[in-house]
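Peer 1: Our numbering numbers the first residue of the sequence shown as 21 and each following residue consecutively.
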Amino acid sequence: APFDDRIVVSDGLLYPLAIFDTEGNSLGHIGTPPPSYQQITSVGLGAFAGRQTTEVLQQWYDQFTTIGGLFRVGDDYLVVVNSRLTATPTELMRVDAYSLDIYSASSGRKLAEEVALPPGARVLAGGQHLYVLTSQAPESWTILRLSPKPATLAARSDA
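1) Count the other CB atoms, across all protein chains shown, that sit within 10 Å of the CB of Asn45; report buried if there are 16 or more and exposed otherwise.
2) Is the CB-CB distance between Ile122 and Ala132 below 7 Å?
3) Report, in whole angstroms, the separation of the C-beta atoms of Ala117 and Val143, which I expect to be a contact under 8 Å.
4) Out of Val63, Asp96, Ala145, Tyr35, which has the shortest C-alpha to C-alpha gap to Thr52?
5) According to DSSP, which residues form a beta bridge with Tyr35?
6) Comparing alpha-carbon positions, which option in Gly147, Tyr97, Thr85 lies nearest Met113?
7) Whole angstroms are fine: how far does the CA of Ser167 sit from the CA of Leu173?
8) Use the C-beta contact count for Leu33: other C-beta atoms within 10 angstroms, 16 or more gives buried, fewer gives exposed.
9) Go through the region 68-130 residue by residue and report every complete run of the beta strand (DSSP E) that reaches 3 residues or more, in order.
10) Is it right to say Ala69 is buried, meaning 16 or more other beta carbons lie within 10 angstroms of its own, or is it exposed?
11) Rounded to whole angstroms, what's the CA-CA distance from Ile39 to Trp80? Just pull it up for me.
12) To the nearest angstrom, how far is it from the Cα of Tyr151 to the Cα of Ile163?
13) From the DSSP output, which residues share a beta bridge with His49?
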């Protein structure tokens with residue numbers, strides 16, 4: 021997630037998130053995993069050989085969660101998308117977002133944790149707002165334009 025003088029990056033699997041300046045120098049780390057976070061586990065050589073790939077992959081995917089994306093929202097917020105992987109016969113790796121964590125871009129403090137997303141939602145983009153796809157074909161496409169409310173986030177972070 022790019023900001024004016026820095027970028028926040030993730031490998032998609034592990035916390036904390038890394039912060040770099042525009043010259044590539046490390047500025048430290050931010051972020052703590054939400055309560056639902058499960059760290060990825062390693063698999064042995066040949067773990068997926070000779071078996072029903074979709075079923076074996078799903079059993080492994082069920083053991084961990086991912087960081088599905090980092091989005092800048094306005095100048096004030098960093099949004100982290102919490103996700104799980106799903107294996108289907110047509111998609112061996114589908115990313116399914118289930119919640120959001122919201123951080124202060126200036127202080128790195130977590131303001132809200134595990135804000136639930138509707139099932140099947142996909143976070144499309146950040147910017148001045150956060151854009152979330154909540155339904156698609158064959159139903160009508162619905163894209164929500166969300167803006168964090170500072171007063172609401174302050175109240176949630178103090179609870």
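Even glycine gets a Cβ: it sits at the ideal position worked out from N, Cα and C.
Predicted model, so just to flag it, every value in this text is computed and none were measured.
Peer 2: With the given structure in hand:
1) exposed
2) yes
3) 6 Å
4) Tyr35
5) In DSSP, Tyr35 forms no bridge with anything.
6) Thr85
7) With a pLDDT of only 49 at Leu173, under 50, the local geometry of the prediction cannot be trusted, and no value is derived from it.
8) exposed
9) 86-93, 97-106, 114-124
10) exposed
11) 30 Å
12) 6 Å
13) Ala38
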